[in-house]
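Peer 1: Count along the sequence shown starting at 1, add 68, and that's the number in the numbering used here.
Quick reminder that beta carbons are idealized off the backbone N, C-alpha and C, glycines included.
Please read these numbers as outputs of a predicted model, since none were measured by experiment.
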Amino acid sequence: MLAGITPRTERIAFLLLSAVVLAYVLARAVLVPVTHDEAMTFFVYVETDNFLPFQAHWDAGNHLLCTALAWLSYSAFGLKAWALRLPSVLAFLIYAAYAWHWGLRLRTPMIRWCLWAALLLMPFLLDFFSLFRGYGLTLAFWTMALYELCALLEERTTKRLLLTLLAAAGATFSSLSLITLWAAVLAITAVVILRRPMQVRPLILRIAGWLLLGAGPFLLAAAYAQALSVHGALYYGSANGILGATLPSLLHAMFGGSRLLAEGAVVLIVLAGTFVAWRAVRAPGPGFPKWALIVATGLLWADVLGRVILFHWNGTLYPEDRTALQWVPLFLLLFAFALDRQAVSTPAWKWLALVLLAFPLRTIATANLRTTTYWPEQAIPDAIFHAAATQQARSPRLLTIGAHHQMPACWGFGLRQRDLHLNAVDVSAFPHGGEDLLLIEPQRDSVPAGYHEVTMAPSGKLALYAHEQNISTTLLLDSTFTGERSDAEFKELWHPAIRSVQGRSFLVELNMVLRPDHEPMTGDLVVETNASDTTGHRNDVLFQFMRSPARSDSIHVVRRIPCVPMDAQRVVVYLWNPGGLWYSCSGRVRIHLVDNGPVPEASLKDDDIGDQ
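1) For a minimum of 3 consecutive residues, which ranges assigned as the beta strand (DSSP E) are wholly contained in the region 449 to 527?
2) Taking 8 Å as the cut-off, decide whether the C-beta atoms of proline 101 and alanine 447 are in contact.
3) Which complete alpha helix (DSSP H) runs does the region 352 to 425 hold, if anything under 4 residues is left out?
4) Are the CB atoms of leucine 368 and leucine 407 nearer to each other than 8 Å?
5) Output yes or no for whether 8 Å exceeds the beta carbon distance between aspartate 494 and glycine 470.
6) In the DSSP assignment, find the beta strand (DSSP E) that holds threonine 314 and state where it starts and stops.
7) In this structure, how does DSSP classify glycine 591 when only helix, strand and coil are distinguished?
8) Going by DSSP in three states, glycine 678 sits in which element: helix, strand or coil?
9) Got a sec? Which residues, its chain only, sit under 6 Å from serine 141 by beta carbon, not counting five neighbours each side?
10) Could you give the residue range of the beta strand (DSSP E) that holds glutamate 552?
11) Per DSSP, what kind of secondary structure is serine 682 in: helix, strand or coil?
12) Measure the C-alpha to C-alpha separation of threonine 441 and phenylalanine 119 and round it to an integer number of angstroms.
13) Looking at C-beta atoms only, is the number of pairs between the region 605 to 625 and the region 479 to 498 that lie closer than 8 Å three or more?
14) With H, G and I counted as helix, E and B as strand and the rest as coil, what does DSSP make of methionine 580?
15) Terminal residues of the continuous alpha helix (DSSP H) containing valine 335?
16) In the DSSP output, what is lysine 529 paired with across the bridge?
17) Please report the straight-line C-alpha distance between threonine 468 and leucine 593, rounded to a whole angstrom.
18) According to DSSP, which residues form a beta bridge with asparagine 598?
19) Does the region 406 to 421 touch the region 329 to 349, meaning 3 or more C-beta pairs lie closer than 8 Å?
20) Is tyrosine 442 helix, strand or coil when you go by DSSP?
21) Between the region 559 to 573 and the region 582 to 590, can you find at least three pairs of beta-carbon atoms closer than 8 Å?
22) Would you mind working out which of Ile256, His500 and Ser242 sits nearest threonine 391, comparing C-alpha positions?
23) Express the C-alpha separation of arginine 180 and tryptophan 419 in angstroms, rounding to a whole number.
24) Could you spell out the range, first to last residue, of the alpha helix (DSSP H) harbouring lysine 227?
25) Phenylalanine 82 by DSSP, collapsed to three states: which one?
26) How long is the line joining the alpha carbons of proline 617 and glutamine 123, rounded to whole angstroms?
27) For glycine 502, I'd like the list of residues in its chain whose CB is within less than 6 Å of its CB, leaving aside the five on either flank, ordered along the chain.
28) Is leucine 281 near leucine 230, with beta carbons less than 8 Å apart?
29) Can you tell me the Cβ-Cβ gap for alanine 293 and isoleucine 247, rounded? I've got them flagged as a contact below 8 Å.
30) Is phenylalanine 110 helix, strand or coil by DSSP?
31) Figure out for me which residue from Trp650, Glu596 and Gly655 has the closest Cα to the Cα of valine 632.
32) Use the C-beta contact count for lysine 227: other C-beta atoms within 10 angstroms, 16 or more gives buried, fewer gives exposed.
33) Starting from tryptophan 562, trace the beta strand (DSSP E) both ways and give me its first and last residue.
34) Nearest to alanine 255 by alpha carbon, out of Ile310, Ser317 and Ala370?
35) My assumption, with CB atoms under 8 Å, is that lysine 529 sits in contact with threonine 439. Please give the rounded CB distance.
36) Which of the three DSSP states is assigned to tryptophan 278 in this structure?
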């Protein structure tokens, strides 16, 4: 203990610190707007009830355990961001509990408290306990697996074995980036089972547990990861190596930047800790601290080696930022237990533990209840939605809205949350598509001429701009349509004679009621211009971004067709139903000519516009 601090006082202090951090995590889960990955995972996997491996859409963004738990929470509490994020929030309780256990294994009080502070207030990682992503669950289970593995090496009990296997499986099914570390854990546990003589019944029980909770799930995860790789959907990364990509990206995500000095310090600490671990291997006597140092060092180097082998074997990319977070607790444990071992004989070593305070200081300095650390521009606050709704209330037609490519899902989720009836955003020509409103990231996006700022998000990372002049249009076509019940992949809504539209820009306004046999209706509204067998312009918008399945809303959307090239061969607006769902529909299509350019000599009679 620190001087004058009793075990009871230390426990109370830790609980208070954990409670404060948990309150912060919970507040962020409620208040921070959803990110692109969260919203897309909801629309593609949770709302459709289709998230099981080998059946659902192929994408590593489907963090299987996290998605399944969020589906349960959504089923219980409905469409609320905090409901989707609840599993991650609860995972923090596991993480904090095992942070406590880890700290108790350190003999030096200063090192113990520095480790606790670093673990509980870890920059970047702390974000994920407030988000509907798998990384919070992964780190909670991974911290648990590491502790139980070290305890297994010390005690060799069946309970520790099963907890290790269960935690390692939970960590990897929350994020497949741990699969190489899971393989190493399985190898260690297999050695533990086979090396110690025991009676037949306990041996059979342990082997059965290893197969059911270890080898079996691992083979499933490995097969799924391989299938994702075949589909080009495995987690993202870099080919630039550990020192060229993984380490710099982690430092940048956690501290806002990466410097050669910082990278060198990390490498030096790992090498020094490895030397201490090597000496511990050769030293007599068992003990948890010794195993902790050896396991942290061994697994860190094993994963580095595994990544190199995988990259050169089949091109698996090196992990970056969030997909490399599992290395952070290994580094912290290596550092803390190496210092603790040295401080036994040389107490002055304990002062180096103060380096760990850089982690909580960074978290405190960047704490907020508005945005995530890594994707601040994706947080669309109430102020932006309300300002857009005010602009819409002043307009006689549905305003077009432009934004960058990761905003449609965030915008669609936000509209659904707030029950607002605004247009779906258009990313096809952002920021120069001429939309009425633009969602601009001030630090990155250039603001086109002719726009003025309407409002800025409190974070300063996102702003709403409005066009200073109203777009002038002329109604060319007003046509109704009906569709019999069908599972056809395509349904054309407008396919004009090409000579009647060349050289012109249009607004396509669609009012439509979709009646799927089963909600939600998945698929897209597509606006496409083709020239010389290539797609010159394409704009897709998911039906789920435009309607609420719970209310069976009608769709009201406006899409812009930029100036059709004179060599264009086809302009078409259609419904795309790639899932082959049975549905019927009815509605109205209006085609508006944008009055912004010369009119070709070709006549624009209604019968030239297309067959309805």
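Peer 2: Reading off the structure:
1) Positions of the beta strand (DSSP E) runs, each at least 3 residues long and wholly inside the region 449 to 527, are given as 505 to 508 and 519 to 524 in order along the chain.
2) It is a contact, given that the beta carbons lie within the stated cut-off.
3) For the region 352 to 425, whole alpha helix (DSSP H) runs of length 4 or above, ordered along the chain, are 356 to 382 and 395 to 413.
4) It is not a contact, given that the beta carbons lie outside the stated cut-off.
5) Result yes, Cβ atoms of aspartate 494 and glycine 470 sit closer than 8 Å.
6) Per DSSP, threonine 314 lies in no beta strand (DSSP E) and is assigned neither H nor E.
7) Residue state, collapsed to three classes: coil.
8) Only weak support exists for where glycine 678 lies, its pLDDT of 38 falling under 50; the value from the coordinates is given anyway. If DSSP states are grouped into helix, strand and coil, glycine 678 belongs with coil.
9) Excluding residues within five positions, the ones whose Cβ falls inside 6 Å are Ala151 and Leu154.
10) Looking at the DSSP string, the run of the beta strand (DSSP E) that includes glutamate 552 is 541 to 554.
11) With the chain represented from 69 up to 680, any question about residue 682 goes unanswered, as that position is not in the structure.
12) When rounded, the distance between both Cα atoms is 27 Å.
13) Segments in contact, yes.
14) Per DSSP, reduced to three states, the secondary structure at methionine 580 is strand.
15) Counted as a single uninterrupted DSSP element, the alpha helix (DSSP H) harbouring valine 335 occupies residues 328 to 350.
16) According to DSSP, which records beta bridges pairwise, lysine 529 is partnered with nothing at all.
17) Cα-Cα distance, rounded: 15 Å.
18) Paired residue(s): Thr603 and Arg638.
19) Short answer: they touch.
20) Tyrosine 442: coil per DSSP, three-state reduction.
21) Taking one beta carbon from each stretch, the region 582 to 590 and the region 559 to 573 have fewer than 3 pairs nearer than 8 Å; the two do not touch.
22) By alpha-carbon distance to threonine 391, the top candidate from Ile256, His500 and Ser242 is Ser242.
23) Rounded to the nearest angstrom, the two C-alpha atoms are 12 Å apart.
24) Counting along the chain, the unbroken alpha helix (DSSP H) around lysine 227 starts and ends at 226 to 242.
25) When DSSP states are grouped into helix, strand and coil, phenylalanine 82 belongs to the helix group.
26) Cα to Cα, the separation comes out at about 22 Å.
27) None.
28) Contact: yes.
29) That belief holds up - the Cβ atoms of alanine 293 and isoleucine 247 are roughly 6 Å apart, short of 8 Å.
30) Of the three classes helix, strand and coil, the one that applies to phenylalanine 110 here is helix, per DSSP.
31) Out of Trp650, Glu596 and Gly655, Glu596 has the C-alpha closest to the C-alpha of valine 632.
32) Burial state of lysine 227 is exposed, judged by a 10 Å Cβ sphere holding fewer than 16 other Cβ atoms.
33) 558 to 562 is the extent of the beta strand (DSSP E) around tryptophan 562.
34) Comparing Cα-Cα distances from alanine 255 to each of Ile310, Ser317 and Ala370, the minimum goes to Ala370.
35) Yes, they are in contact, since the Cβ atoms of lysine 529 and threonine 439 sit about 6 Å apart, within 8 Å.
36) Helix at tryptophan 278.
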